[in-house]
Amino acid sequence: MINLNKYKTLTFDCYGTLIDWENGILGGLKPVLLAHNKNLDDNQILELFGEFEAELEQGEYIKYREVLRRVVQKFGERIGFEPTAEEINSLANSIQYWLPFPDTVEALTTLKQKFRLVIISNIDDDLFAFSAKHLEVEFDQIITAEQAKSYKPSLNNFKLAIERINLPLDEILHVAASVYHDIVAAKSLGLSTVWVNRRAGQQGVGATVSAVGQPDLEVPDLKILAALSLGSGE
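Sequential numbering from 1 applies to the sequence shown in the numbering used here.
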């Protein structure tokens, strides 16, 4: 068990950790697929999303809105349909309706009493602004892919965050649900990490590429992390 009292700043991945992005992704993509009579199950949709998103984020930087547009196009190419212009934009446009996990807002409010809170997210500034309203907590720093001009698991995003936070590494704790996007990269830079295993007990890998990492702490949700920070968790 790590000693949470040693940290001054918690950095958070947003989508998948704070915001329920898998339900958001399904809500954005399923109507498009059904409109073209393509009946994929949820796991198939999420795993294809994870494959396409990772591929698009590895090339030359493009804004996340464009990543999501191309994800929809790749679904069409892979399973055989031609999305309309409106459908191509539908996934990015749906982000404003993606909601936090039930435990997120209360946990952030609790953690804010003890720590500075920072976002490190693979998102555009304007798209995060929609999510910020749902999260209801004022973050001390917000580092987006648009600012970094790269996407996690690029170390560039974490280096930019570390530079802005301006604290020793041992006073920063990174909290994330994706081993692929976050845990491996953060650990490689010497950051302590908490893996929020949102998919515990579920089949498949979900909307992220499979990866193996060694977090310093694993929790099933943020409620447990908030309780641990108060010394009331197991």
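Glycine included, every Cβ here is placed at the ideal spot set by N, Cα and C.
Computed from a predicted model, the values in this text were never measured in an experiment.
From the DSSP secondary-structure annotation, give me the bridge partner or partners of residue i.
i           : result
residue 218 : 195
residue 116 : 9
residue 176 : 195
residue 19  : 15, 100
Measure the alpha-carbon distance for residue i versus residue j and round it to whole angstroms.
i           : j           : result
residue 232 : residue 109 : Confidence in residue 232 is poor, its pLDDT being 46 and thus under 50, which makes the residue's placement too unreliable to answer from.
residue 142 : residue 101 : 19 angstroms
residue 162 : residue 138 : 19 angstroms
residue 85  : residue 176 : 33 angstroms
residue 178 : residue 90  : 24 angstroms
residue 153 : residue 79  : 28 angstroms
residue 36  : residue 26  : 15 angstroms
residue 104 : residue 92  : 22 angstroms
residue 14  : residue 21  : 9 angstroms
residue 41  : residue 167 : 45 angstroms
residue 129 : residue 112 : 19 angstroms
residue 117 : residue 149 : 22 angstroms
residue 59  : residue 221 : 32 angstroms
residue 53  : residue 16  : 14 angstroms
residue 234 : residue 187 : With a pLDDT of 41 at residue 234, under the threshold of 50, the modelled position of that residue is not reliable, and the figure given next carries that caveat. So the alpha carbons of these two residues sit roughly 24 angstroms apart.
residue 151 : residue 4   : 28 angstroms
residue 38  : residue 66  : 23 angstroms
residue 2   : residue 133 : 31 angstroms
residue 196 : residue 34  : 32 angstroms
residue 10  : residue 172 : 6 angstroms
residue 216 : residue 83  : 43 angstroms
residue 198 : residue 12  : 14 angstroms
residue 62  : residue 126 : 14 angstroms
residue 95  : residue 64  : 11 angstroms
Using 10 angstroms around the beta-carbon of residue i, count the other beta-carbons present and answer buried if the total reaches 16, otherwise exposed.
i           : result
residue 229 : buried
residue 122 : buried
residue 97  : exposed
residue 212 : exposed
residue 31  : exposed
residue 157 : buried
residue 50  : buried
residue 24  : buried
residue 190 : exposed
residue 124 : buried
residue 87  : buried
residue 57  : buried
residue 182 : buried
residue 210 : exposed
residue 146 : buried
residue 169 : exposed
Quick test of your reading: residue i and residue j, contact by CB under 8 angstroms. State the CB separation rounded to the nearest angstrom.
i           : j           : result
residue 115 : residue 8   : 7 angstroms
residue 201 : residue 46  : So it is not a contact: roughly 15 angstroms between Cβ atoms.
residue 225 : residue 185 : Not a contact, Cβ separation roughly 20 angstroms.
residue 174 : residue 144 : About 16 angstroms separates the two Cβ atoms, so there is no contact after all.
residue 246 : residue 75  : An answer regarding residue 246 cannot be provided, because it is not within the stretch 1 to 234 covered by the chain.
residue 135 : residue 18  : 6 angstroms
Quiz item: Which full runs of the alpha helix (DSSP H) of 4+ residues lie inside the stretch 86-157, going along the chain?
Solution: 104-112, 125-135, 145-148
Quiz item: Curious, which full-length beta strand (DSSP E) runs of at least 3 residues does the stretch 26-78 contain?
Solution: none
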